[in-house]
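> First residue of the sequence shown: 1, per UniProt numbering; consecutive thereafter.
Encoded as C-alpha cells, here's the structure I'll be asking about.
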Amino acid sequence: MKCVYCAKTVRKNQHAISCDVCGNWTHRLCGTNISKEDYLRAQDQTINFMCSISNVPVGNFSLNATIESSLLASSERSTDELQDISNIETPTADISYNENVQERSMEEDVVGNTDDNIPKVGFTKLEKGSQKGKPLLVDGNGYTYVIKGSNSGNVYWRCSKRTDKIKCNASVKENLENRTFEYGKNAHSHPTQPGKLQEVQVRREVKDSALGNMFMSARAIVEEVSKNVLDSDMPPDSRNNPENYIRAANRVRELNRPKHPKDLNFNIVESAIPEGFFQADLTVKGERHILLATERQLQQLSISRQWFIDGTFKIVKRPFYQLMSIHGFVRSGRQVKLVPLFFALMSRRRTIDYIAILKKIEDLLPNPPQLKTAVMDFEAATWKAFGKVFPQVHVRGCLFHFTQAIWRHCQELGLQNKYKVHGGTHNFIKKLMSLPFLPKSHIRDIFHQLQGKTSNDKLIKLMDYMERQWIDHSLFKMSSWSVFNQTIRTNNNIEGWHRRINHKAGEQQLGMYKLIDFLFGEADMLPLQAALLFEGKLRRYFIRTCTNAQEEIYHAWREYENGDLSASMMLRICSRHHGPIE
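If you want it as C-alpha cells, here you go:
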C-alpha cells in the first residue's frame, strides 16, 4: 500500500495507521502528530483518526480505528472520487485510552493545548556537532545528517544513522547560494528523535566547556551545562545519560592533554597544570622530582605539628617510581580529619632525593614549620633525610608497619601455621608484636624475659631478628617505635587514602598530567573539608569493637602509671587487642 501523504510504500516494519473514512494507510511520521511513545502505548487501543484527504469540514466524526502492529491486506477501495477535494489539511489524531487501564502518576505533567507552540520543521547546522567533531545537520524532527559530499553550489547530507542493522538512505541537499534545504527522495527507515538538537547542543557545550575549564570536574561541567540548556518540557530524547556526557568530556580532555613523558628528559607544560599547583621541578643527580601543592595546603602544612608520610607505587607510571604524600590534621574543636597537604612525584627514593625534597618544602612554606613529630614507615632513606633536614623533629615509626615487618619474618621462618594452631606460639608472637605499647625504658627488659622463655629453634631465630632489627638498631631506636600513651599510632589513614585514590584511578597507572589533574582534585577538596569539619558534618568514625579495644588499652596504661599494673601484665592486656593482618 502507498501512504496517502508521501505516496511511498508503507512497509510491514513501519508504524502506520489506517483512516476511518477511506481506509487508506498513512505513515505515523507523515504529519500525524502521533509520537512514538503514544503510538506504542496505543497498541490495540481505540483512537479517532482521519487522513488529510478525508479530513474535510462536513461535521463531527466519531469514528474508530485500531493501530495494528503489522499491516492488514490493502483495501480495494477506489479513491478516484476523492482527488478533487480541496482544502486538504494536516491529518489529526485523537488518541483516547480506557481509564481503567491507563493511570497518570502525580508527577506527570498534564498536556494541554500546545498546537500553537509546535515549531515548523527547520534545519540547524552545527560545525562541530558530531561525536568526532565534524559538521552536523539537524532537522526539526530530530533527524541528524553528516556531509556526504559537495560541489560548487551544493552540499549533500546523508542521514547519520549508519549501523550494521540500519543504513538509512535519507538525504538532504543544501543550496549554498539560496541557503535552502531540500529533502531527497528516500524516506528515513527509523523513528525520529524529537529533542535531538538540544541533546547535540548539550554534548557540544560540554566538550567546549571541558576544554575551556581543564581543571573543573567533568561532572560539575555536565550539571552546569544541563541546567543552562535543558528543561523538563523538552522531549525525552533531549536528555541523555549524564555519565555519557562525563565520558565525552574526559575523552576530549585526554586528546588535548600533553603526552606522558617516555623518559626524564622532558619539558614540563605548565599550562597543562592547574594554576598555583606546580611548586618545583627538582633534579638530583639525573633524577627528577615534581613537587605539587596548593597555597592552602602549604599554609596548613606549615602549622601542622604532626606530619604523616607514606608512598604509593600503583598509580605511578614510568619514568617515575613513586608518589610520596605528606598528610596532616585539620582540626575544629575535638573533631579532626587527616588530609593530604603535599605531593612529590619521584623518579627515585634515595636519601639524597628525600633531603632535596624536604629542603625545598621548607623553602616553600609561607611560615617557619611548627613540626614536632613525623610518622612514617621504616624506610631508612626517609628517616636519615629527616634527621638531616629536621634534626629537632621526633621521627616515629608506624605501629602497623612494625607489626607487619615481624609477621613477614614469621612467614619466612615458617611460623604462620603454628601461630594459627598452637596457643603458646600464638601468644608469644603477639607479645613480641605488642612491645611498642610499653614505655621505652621497659622494652629491653621485657624482651629479654621473653627471650628466656623459648627453646624452639624457629622462635630463637625470630628473637635474633628482633634484637638485631629492633632492639639494638642504630636508626630504628626503641624510642622511635614505642607508642606508649600515643593516641595516633599508625599512618593507616594514609594507607586508606592510597587505596581510595587507586580505586578512583581504576587500579591503573596514570600518565603524569592526568595524575597531576587527579591530585589537584584531591587538593581542591581541602577548603570544603575544613568547612564541613568546622560545621560538625565531617568526622572520623571508629568501629565499635576498635573503640572498646582502645578504651581497654588506655585503662591499662593508666593503671600502670598509677602503679596498679606491672609492665609484663600490661603487655599481656595490650597483646589481646593487637596482632598481624593476615
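All C-beta atoms, glycine included, are put in the ideal place defined by N, C-alpha and C.
1) What's the C-alpha gap between LYS477 and GLY397?
2) Can you name, in chain order, every residue of its own chain whose Cβ lies under 7 Å from the Cβ of CYS574, other than the five neighbours on each side?
3) Under 8 Å, do ASP353 and HIS289 count as touching if we go by C-beta distance?
4) Let me know the secondary structure DSSP gives HIS498 once reduced to three states.
5) Take residue 585 and list the residues in its own chain whose beta-carbon comes closer than 8 Å to its own, dropping the five residues that flank it on each side.
6) Can PRO301 and PHE266 be called in contact, C-beta distance under 8 Å?
7) For TRP157, I'd like the list of residues in its chain whose CB is within less than 7 Å of its CB, leaving aside the five on either flank, ordered along the chain.
8) Thinking C-alpha only, which one of THR283, ALA210, LYS262 is nearest ASN250?
9) With DSSP as the reference, label MET525 as helix, strand or coil.
10) Is the beta carbon of ALA16 less than 8 Å from the beta carbon of THR9?
11) How many Å lie between THR192 and GLU254 at the Cα?
12) Can you give the Cα-Cα distance for GLY212 and TYR245, rounded to whole angstroms?
13) Any idea what DSSP makes of GLU127, helix, strand or coil?
14) Looking only at DSSP bridge pairs, what is TRP383 linked to?
15) Of the residues PHE329, PRO135, GLY579, which one's Cα is nearest the Cα of PHE402?
16) Just the C-alpha distance for CYS410 and ARG444, rounded to the nearest angstrom, thanks.
17) So does the stretch 478-493 actually touch the stretch 359-379, counting three or more Cβ pairs closer than 8 Å?
18) Which value, in whole angstroms, describes the spacing of the CA atoms of LYS262 and GLY496?
19) As an exercise, report each continuous alpha helix (DSSP H) stretch of at least 4 residues that is fully enclosed by the stretch 438-489, in chain order.
20) Measuring CB to CB, does LEU432 end up less than 8 Å from LEU450?
21) Starting from LEU345, follow its DSSP beta bridges and name the residues at the other end.
22) Going by alpha carbons, who is nearest to THR283 out of ALA567, ARG305, LYS360?
23) Ends of the alpha helix (DSSP H) at PHE181?
24) Could you pull the start and end residues of the beta strand (DSSP E) that LEU137 belongs to?
25) Between the C-alpha atoms of MET569 and GLU559, what's the straight-line distance to the nearest angstrom?
26) Please confirm if the stretch 311-329 is in contact with the stretch 508-515, defined as three or more CB-CB distances below 8 Å between the two stretches.
27) Just how far apart, CA to CA, sit residue 608 and ALA218?
28) Expressed to the nearest angstrom, what Euclidean distance is found between the alpha-carbon atoms of TRP470 and LYS461?
29) Kindly indicate which three-state DSSP category ASN24 falls into: helix, strand or coil?
30) How is the alpha helix (DSSP H) around HIS394 delimited, first residue to last?
31) I'd like to confirm the pairing. Which residues does DSSP put opposite PRO340 in its beta bridges?
32) Cutting at 7 Å between CB atoms, please list the residues of its own chain near LEU365, excluding the five before and the five after it.
33) Near GLY112, what residues of its chain come up, given a Cβ to Cβ distance below 7 Å and the 5 sequence neighbours on each side ignored?
34) State yes or no: is the C-beta of THR351 within less than 8 Å of the C-beta of ALA381?
35) Kindly indicate which residue of SER455, LEU399, THR454, ALA523 has the alpha-carbon position closest to the one of SER482.
36) Go ahead and label VAL200 buried or exposed: buried means 16 or more other beta carbons lie within 10 angstroms of its beta carbon, across all protein chains shown.
Working from what's here:
1) Translated into the one-based positions of the sequence shown, residue 477 becomes position 477. Translated into the one-based positions of the sequence shown, residue 397 becomes position 397. Near 10 Å, if we compare the C-alpha coordinates of GLY397 and LYS477.
2) In the sequence shown, the residue the question calls residue 574 occupies position 574. Closer than 7 Å at Cβ, skipping near neighbours: SER434, PHE437, ILE553, ALA556.
3) For this step, residue 353 is matched to residue 353 along the sequence shown. For this step, residue 289 is matched to residue 289 along the sequence shown. The answer is yes: Cβ separation under 8 Å.
4) Along the sequence shown, one-based indexing puts residue 498 at 498. Of the three classes helix, strand and coil, the one that applies to HIS498 here is helix, per DSSP.
5) One cannot answer for residue 585 here, as it falls past the ends of the chain, which runs 1 to 582.
6) Residue mapping note: residue 301 aligns to position 301 of the sequence shown, counting from 1. Residue mapping note: residue 266 aligns to position 266 of the sequence shown, counting from 1. Contrary to the premise, residue 301 reads as Leu rather than Pro in this sequence. Result no, Cβ atoms of LEU301 and PHE266 do not sit closer than 8 Å.
7) The residue you call residue 157 lines up with position 157 of the sequence shown. These residues qualify, in order along the chain: LEU137, TYR145, VAL146, ILE147, LYS148, SER171, VAL172, GLU174.
8) By one-based count along the sequence shown, residue 250 stands at place 250. Out of THR283, ALA210, LYS262, ALA210 has the C-alpha closest to the C-alpha of ASN250.
9) Looking up residue 525 in the sequence shown gives position 525. Of the three classes helix, strand and coil, the one that applies to MET525 here is coil, per DSSP.
10) Counted from its first residue, the sequence shown places residue 16 at position 16. Counted from its first residue, the sequence shown places residue 9 at position 9. Cβ distance not < 8 Å, so ALA16 and THR9 don't count as in contact.
11) Here the question's residue 192 lines up with position 192 in the sequence shown. Here the question's residue 254 lines up with position 254 in the sequence shown. If you take the alpha carbons of THR192 and GLU254, they lie about 33 Å apart.
12) Stepping through the sequence shown from its first residue, residue 212 is reached at position 212. Stepping through the sequence shown from its first residue, residue 245 is reached at position 245. Rounded to the nearest angstrom, the two C-alpha atoms are 16 Å apart.
13) Within the sequence shown, numbered from 1, the residue matching residue 127 stands at position 127. In this structure, GLU127 counts as coil in the three-state DSSP scheme.
14) The count along the sequence shown starts at 1 and reaches residue 383 at position 383. None; TRP383 has no bridge partner.
15) Stepping through the sequence shown from its first residue, residue 402 is reached at position 402. Closest by alpha carbon: GLY579.
16) Within the sequence shown, residue 410 is the residue found at index 410, counting from 1. Within the sequence shown, residue 444 is the residue found at index 444, counting from 1. Approximately 20 Å between the Cα atoms of the pair.
17) yes
18) The count along the sequence shown starts at 1 and reaches residue 262 at position 262. The count along the sequence shown starts at 1 and reaches residue 496 at position 496. If I take the Cα positions, the gap works out to 30 Å.
19) Segments of the alpha helix (DSSP H) lying fully in the stretch 438-489: 440-451, 457-466, 478-481.
20) Residue mapping note: residue 432 aligns to position 432 of the sequence shown, counting from 1. Residue mapping note: residue 450 aligns to position 450 of the sequence shown, counting from 1. Cβ distance < 8 Å, so LEU432 and LEU450 count as in contact.
21) In the sequence shown, counting from the first residue as 1, residue 345 sits at position 345. ILE290, LEU323, per the DSSP bridge assignment.
22) In the sequence shown, residue 283 corresponds to position 283, counting from 1. It is LYS360 whose Cα lies nearest to the Cα of THR283.
23) Counted from its first residue, the sequence shown places residue 181 at position 181. Element bounds for PHE181: not the alpha helix (DSSP H) but the beta strand (DSSP E), 180-183.
24) Stepping through the sequence shown from its first residue, residue 137 is reached at position 137. Where LEU137 is concerned, the enclosing beta strand (DSSP E) stretches over 136-139.
25) One-based indexing of the sequence shown puts residue 569 at position 569. One-based indexing of the sequence shown puts residue 559 at position 559. MET569 and GLU559: Cα-Cα distance of roughly 10 Å.
26) yes
27) It is not possible to answer for residue 608, since the shown part of the chain is limited to 1 through 582.
28) Walking along the sequence shown from the start, residue 470 turns up at place 470. Walking along the sequence shown from the start, residue 461 turns up at place 461. In a straight line, the C-alpha of TRP470 is about 14 Å away from that of LYS461.
29) Against the sequence shown, residue 24 aligns to sequence position 24. The answer is coil: DSSP assigns ASN24 none of H, G, I, E or B.
30) Stepping through the sequence shown from its first residue, residue 394 is reached at position 394. Here HIS394 belongs to no alpha helix (DSSP H); instead the beta strand (DSSP E) covers 394-397.
31) The count along the sequence shown starts at 1 and reaches residue 340 at position 340. According to DSSP, PRO340 bridges with HIS327.
32) For the purposes of this step, residue 365 is taken as residue 365 along the sequence shown, with counting starting at 1. Excluding sequence neighbours, LEU365 sits near LEU298, LEU301, SER302.
33) On the sequence shown, residue 112 is found 112 positions in, with the first residue counted as 1. Confidence in GLY112 is poor, its pLDDT being 46 and thus under 50, which makes the residue's placement too unreliable to answer from.
34) Taking the sequence shown and counting its residues from 1, one reaches residue 351 at position 351. Taking the sequence shown and counting its residues from 1, one reaches residue 381 at position 381. Contact flag set, yes.
35) Locating residue 482 in the sequence shown gives position 482, counting from the first residue. Nearest C-alpha to SER482: LEU399.
36) Sequence index remark: in the sequence shown, residue 200 carries index 200 (1-based). It is buried - the Cβ of VAL200 has at least 16 other Cβ atoms within 10 Å.
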